[in-house]
Amino acid sequence: MTATLASYDSCRFDRPLFLGSAGIPLARVRPNPAAQDLHAIAHIVHHDPAAAMRLADLFRSTGIGACIHSSVHAFAEAALPDAPACLLIHVRHLPSTELALLARRVLPEALPPVIVAAERADVRTAVLAMKAGAIEFFDVPPRDQDLLEVIATAIAMDRARRRLAVDCTALRAAHAQLTERERQVMGLVTQGLLNKQVAGELGISEITVKAHRGAVMRKMGVRTIADLVRMADALAYLSGDGEAL
1 MTATLASYDS CRFDRPLFLG SAGIPLARVR PNPAAQDLHA IAHIVHHDPA AAMRLADLFR
61 STGIGACIHS SVHAFAEAAL PDAPACLLIH VRHLPSTELA LLARRVLPEA LPPVIVAAER
121 ADVRTAVLAM KAGAIEFFDV PPRDQDLLEV IATAIAMDRA RRRLAVDCTA LRAAHAQLTE
181 RERQVMGLVT QGLLNKQVAG ELGISEITVK AHRGAVMRKM GVRTIADLVR MADALAYLSG
241 DGEAL
(Lines of atoms letter the chains of each structure in order from A and count residues from 1; the text may use other names and numbers.)
(Lines give C-alpha, C1' and ligand atoms only; values in the text may rest on other atoms or scores of the structure.)
Protein backbone atom coordinates (compact mmCIF):
# COMPACT_ATOMS: atom_id res chain seq x y z
CA MET A 1 0.00 0.00 0.00
CA THR A 2 1.04 3.61 -0.47
CA ALA A 3 1.91 5.41 2.74
CA THR A 4 0.33 8.79 3.41
CA LEU A 5 0.39 11.10 6.40
CA ALA A 6 -3.14 9.95 7.22
CA SER A 7 -1.85 6.40 7.64
CA TYR A 8 1.30 7.48 9.42
CA ASP A 9 0.75 5.31 12.50
CA SER A 10 0.21 2.09 10.60
CA CYS A 11 1.59 2.09 7.05
CA ARG A 12 3.21 -1.19 6.10
CA PHE A 13 5.38 -2.63 3.34
CA ASP A 14 6.37 -6.26 3.27
CA ARG A 15 7.25 -9.31 1.17
CA PRO A 16 7.09 -13.08 1.74
CA LEU A 17 9.94 -14.75 3.56
CA PHE A 18 9.19 -18.45 3.98
CA LEU A 19 10.72 -20.11 7.04
CA GLY A 20 11.08 -23.70 8.18
CA SER A 21 11.40 -25.39 11.55
CA ALA A 22 14.57 -24.57 13.49
CA GLY A 23 15.75 -23.78 17.00
CA ILE A 24 17.39 -26.00 19.58
CA PRO A 25 17.67 -29.66 18.52
CA LEU A 26 14.33 -31.06 19.60
CA ALA A 27 14.47 -34.08 17.30
CA ARG A 28 11.45 -34.38 15.02
CA VAL A 29 8.89 -32.30 16.83
CA ARG A 30 6.99 -30.51 14.08
CA PRO A 31 5.93 -26.88 14.59
CA ASN A 32 2.42 -25.81 13.69
CA PRO A 33 2.61 -24.45 10.09
CA ALA A 34 0.02 -21.81 11.00
CA ALA A 35 2.49 -20.35 13.51
CA GLN A 36 5.32 -19.91 11.00
CA ASP A 37 6.39 -16.46 9.83
CA LEU A 38 5.54 -15.07 6.40
CA HIS A 39 7.13 -11.61 6.54
CA ALA A 40 10.04 -9.68 8.03
CA ILE A 41 9.19 -6.24 9.39
CA ALA A 42 11.21 -3.29 10.67
CA HIS A 43 9.06 -1.21 13.03
CA ILE A 44 10.07 2.45 12.91
CA VAL A 45 9.24 4.84 15.78
CA HIS A 46 9.93 8.35 14.52
CA HIS A 47 8.45 11.80 15.17
CA ASP A 48 9.10 12.97 11.57
CA PRO A 49 6.87 11.32 8.92
CA ALA A 50 9.18 12.28 6.04
CA ALA A 51 12.26 10.84 7.75
CA ALA A 52 10.32 7.72 8.69
CA MET A 53 9.23 7.27 5.09
CA ARG A 54 12.84 7.57 3.90
CA LEU A 55 13.82 4.78 6.28
CA ALA A 56 10.87 2.68 5.14
CA ASP A 57 11.93 3.13 1.50
CA LEU A 58 15.50 2.17 2.42
CA PHE A 59 14.33 -1.04 4.08
CA ARG A 60 11.97 -1.83 1.21
CA SER A 61 14.87 -1.53 -1.23
CA THR A 62 16.47 -4.56 0.47
CA GLY A 63 13.26 -6.58 0.72
CA ILE A 64 12.49 -5.80 4.35
CA GLY A 65 8.98 -4.65 5.23
CA ALA A 66 8.33 -1.56 7.33
CA CYS A 67 5.67 -0.38 9.79
CA ILE A 68 5.80 3.27 10.85
CA HIS A 69 4.66 4.35 14.32
CA SER A 70 4.56 7.92 15.61
CA SER A 71 5.49 6.82 19.16
CA VAL A 72 6.20 3.80 21.34
CA HIS A 73 2.62 4.15 22.60
CA ALA A 74 1.37 3.83 19.01
CA PHE A 75 3.59 0.78 18.52
CA ALA A 76 2.26 -0.82 21.72
CA GLU A 77 -1.35 -0.27 20.68
CA ALA A 78 -0.93 -1.40 17.06
CA ALA A 79 -2.13 -4.76 15.74
CA LEU A 80 1.30 -6.05 14.77
CA PRO A 81 1.87 -8.54 11.94
CA ASP A 82 2.80 -12.05 13.06
CA ALA A 83 6.32 -11.85 11.66
CA PRO A 84 10.00 -11.68 12.61
CA ALA A 85 10.76 -8.05 13.35
CA CYS A 86 12.91 -5.40 14.96
CA LEU A 87 12.11 -2.02 16.53
CA LEU A 88 14.04 1.10 15.43
CA ILE A 89 13.49 4.06 17.77
CA HIS A 90 14.58 7.60 16.91
CA VAL A 91 15.34 9.65 20.03
CA ARG A 92 15.32 13.45 19.76
CA HIS A 93 16.09 14.53 23.32
CA LEU A 94 16.05 13.53 26.96
CA PRO A 95 14.16 12.66 29.01
CA SER A 96 13.07 10.15 26.40
CA THR A 97 9.57 8.86 27.08
CA GLU A 98 10.10 6.24 24.38
CA LEU A 99 13.17 4.69 26.01
CA ALA A 100 11.75 5.07 29.51
CA LEU A 101 8.71 3.00 28.51
CA LEU A 102 10.95 0.24 27.23
CA ALA A 103 13.26 0.41 30.25
CA ARG A 104 10.28 -0.06 32.58
CA ARG A 105 9.20 -3.06 30.53
CA VAL A 106 5.63 -1.80 30.18
CA LEU A 107 5.36 -3.30 26.71
CA PRO A 108 4.70 -6.98 25.91
CA GLU A 109 7.49 -9.37 26.91
CA ALA A 110 7.89 -10.66 23.36
CA LEU A 111 9.35 -7.35 22.22
CA PRO A 112 11.49 -7.63 19.06
CA PRO A 113 15.17 -6.59 19.22
CA VAL A 114 15.48 -2.82 19.77
CA ILE A 115 17.80 -0.45 17.88
CA VAL A 116 18.18 3.16 19.05
CA ALA A 117 19.22 6.11 16.89
CA ALA A 118 19.76 9.27 18.96
CA GLU A 119 20.31 12.87 17.93
CA ARG A 120 22.13 13.42 21.20
CA ALA A 121 24.42 10.41 21.57
CA ASP A 122 25.70 10.98 25.08
CA VAL A 123 26.43 8.52 27.88
CA ARG A 124 23.08 9.09 29.56
CA THR A 125 21.19 8.23 26.39
CA ALA A 126 23.38 5.18 25.78
CA VAL A 127 22.75 3.89 29.31
CA LEU A 128 18.99 4.40 28.94
CA ALA A 129 19.13 2.60 25.59
CA MET A 130 20.87 -0.37 27.21
CA LYS A 131 18.29 -0.48 30.01
CA ALA A 132 15.64 -0.51 27.30
CA GLY A 133 17.28 -3.64 25.89
CA ALA A 134 18.77 -2.05 22.76
CA ILE A 135 21.13 -4.31 20.82
CA GLU A 136 22.68 -1.31 18.99
CA PHE A 137 23.00 2.43 19.55
CA PHE A 138 23.60 4.88 16.69
CA ASP A 139 24.37 8.56 16.31
CA VAL A 140 21.92 10.30 13.96
CA PRO A 141 22.18 9.95 11.07
CA PRO A 142 23.73 6.45 10.84
CA ARG A 143 25.26 5.28 7.57
CA ASP A 144 22.66 3.42 5.53
CA GLN A 145 24.85 0.33 5.18
CA ASP A 146 25.56 0.21 8.92
CA LEU A 147 21.87 0.56 9.70
CA LEU A 148 20.86 -2.12 7.19
CA GLU A 149 23.39 -4.56 8.63
CA VAL A 150 22.09 -4.05 12.15
CA ILE A 151 18.46 -4.31 10.99
CA ALA A 152 19.25 -7.62 9.26
CA THR A 153 21.00 -8.94 12.39
CA ALA A 154 18.10 -7.89 14.63
CA ILE A 155 15.52 -9.57 12.38
CA ALA A 156 17.62 -12.75 12.31
CA MET A 157 17.70 -12.70 16.13
CA ASP A 158 13.94 -12.33 16.31
CA ARG A 159 13.41 -15.02 13.70
CA ALA A 160 15.51 -17.44 15.79
CA ARG A 161 13.55 -16.50 18.94
CA ARG A 162 10.24 -17.11 17.19
CA ARG A 163 11.36 -20.45 15.76
CA LEU A 164 12.51 -21.53 19.19
CA ALA A 165 9.18 -20.51 20.71
CA VAL A 166 7.31 -22.56 18.09
CA ASP A 167 9.49 -25.60 18.72
CA CYS A 168 9.12 -25.27 22.49
CA THR A 169 5.35 -25.06 22.12
CA ALA A 170 5.36 -28.17 19.92
CA LEU A 171 7.59 -30.00 22.39
CA ARG A 172 5.28 -29.22 25.31
CA ALA A 173 2.26 -30.28 23.23
CA ALA A 174 3.90 -33.61 22.38
CA HIS A 175 4.83 -34.21 26.02
CA ALA A 176 1.28 -33.38 27.12
CA GLN A 177 0.01 -36.33 25.05
CA LEU A 178 1.86 -38.82 27.24
CA THR A 179 0.01 -40.71 29.94
CA GLU A 180 1.29 -40.53 33.51
CA ARG A 181 2.86 -43.99 33.15
CA GLU A 182 4.49 -43.05 29.85
CA ARG A 183 6.01 -39.98 31.50
CA GLN A 184 7.41 -42.16 34.25
CA VAL A 185 8.93 -44.52 31.69
CA MET A 186 10.36 -41.62 29.70
CA GLY A 187 11.94 -40.16 32.83
CA LEU A 188 13.63 -43.42 33.80
CA VAL A 189 14.72 -44.36 30.28
CA THR A 190 16.31 -40.95 29.70
CA GLN A 191 18.20 -41.39 32.98
CA GLY A 192 19.89 -44.41 31.42
CA LEU A 193 17.93 -47.26 32.99
CA LEU A 194 17.45 -50.46 31.00
CA ASN A 195 13.98 -51.89 30.39
CA LYS A 196 14.48 -54.48 33.13
CA GLN A 197 15.51 -51.79 35.61
CA VAL A 198 12.55 -49.59 34.65
CA ALA A 199 10.25 -52.57 35.18
CA GLY A 200 11.68 -53.08 38.65
CA GLU A 201 11.33 -49.40 39.55
CA LEU A 202 7.69 -49.25 38.46
CA GLY A 203 6.62 -52.75 39.47
CA ILE A 204 5.49 -53.73 35.99
CA SER A 205 6.61 -56.34 33.47
CA GLU A 206 9.45 -55.73 31.02
CA ILE A 207 7.02 -56.34 28.13
CA THR A 208 4.79 -53.55 29.46
CA VAL A 209 7.82 -51.25 29.73
CA LYS A 210 8.65 -51.94 26.08
CA ALA A 211 5.08 -51.09 25.06
CA HIS A 212 5.14 -47.81 27.02
CA ARG A 213 8.58 -46.97 25.66
CA GLY A 214 7.37 -47.49 22.09
CA ALA A 215 4.37 -45.23 22.73
CA VAL A 216 6.66 -42.54 24.16
CA MET A 217 8.96 -42.65 21.14
CA ARG A 218 6.00 -42.45 18.76
CA LYS A 219 4.21 -39.60 20.53
CA MET A 220 7.41 -37.59 20.99
CA GLY A 221 8.31 -38.13 17.33
CA VAL A 222 11.78 -39.63 17.84
CA ARG A 223 13.60 -42.75 16.72
CA THR A 224 16.57 -42.85 19.06
CA ILE A 225 17.08 -42.65 22.82
CA ALA A 226 19.66 -39.92 22.20
CA ASP A 227 16.93 -37.75 20.65
CA LEU A 228 14.62 -38.55 23.55
CA VAL A 229 17.31 -37.54 26.06
CA ARG A 230 17.75 -34.18 24.28
CA MET A 231 14.01 -33.62 24.48
CA ALA A 232 13.99 -34.49 28.18
CA ASP A 233 16.83 -32.01 28.74
CA ALA A 234 14.89 -29.31 26.87
CA LEU A 235 11.77 -30.03 28.91
CA ALA A 236 13.79 -29.79 32.13
CA TYR A 237 15.15 -26.43 31.00
CA LEU A 238 11.68 -25.15 30.10
CA SER A 239 10.32 -26.23 33.46
CA GLY A 240 12.77 -23.81 35.09
CA ASP A 241 13.76 -26.16 37.91
CA GLY A 242 16.06 -28.59 36.14
CA GLU A 243 13.58 -31.46 36.35
CA ALA A 244 11.62 -32.94 33.48
CA LEU A 245 8.06 -31.73 33.14
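By the UniProt record's numbering, the letter at position 174 of the sequence shown is numbered 174, and the numbering carries on one by one without gaps.
We put the CB at the ideal spot given by N, CA and C, even for glycine.
Cβ distance (whole Å) where A134 is taken to contact V150 below 8 Å: The Cβ separation is near 10 Å, so there is no contact.
Excluding five sequence neighbours on each side, which residues of the same chain lie with their C-beta closer than 7 Å to the C-beta of A215? E182
Indicate the three-state DSSP secondary structure (helix, strand or coil) for P142 in the structure shown. coil
Does the ligand ZN have a heavy atom nearer than 7 Å to the CB of A126? Within the structure as shown, the ligand ZN is missing, as the structure has no ligands at all.
Measuring CA to CA, which of P113, D146 and L171 is closest to V222? L171
Taking just the CA atoms, how far does V229 sit from T208? 21 Å
Quick one: give me the first and last residue of the alpha helix (DSSP H) that H69 is part of. Counting along the chain, H69 falls outside any alpha helix (DSSP H), though it belongs to the beta strand (DSSP E) covering G65 to H69.
Using a beta-carbon distance below 8 Å, is S61 in contact with chain D? As a matter of chain content, chain D is missing from the structure shown, which is built from one protein chain.
For F137, write down the residues that DSSP places opposite it in a beta bridge. V116
Is D139 closer than 8 Å to C86 when the C-beta atoms are compared? no
Spatial distance of G203 from D167 (CA atoms): 34 Å
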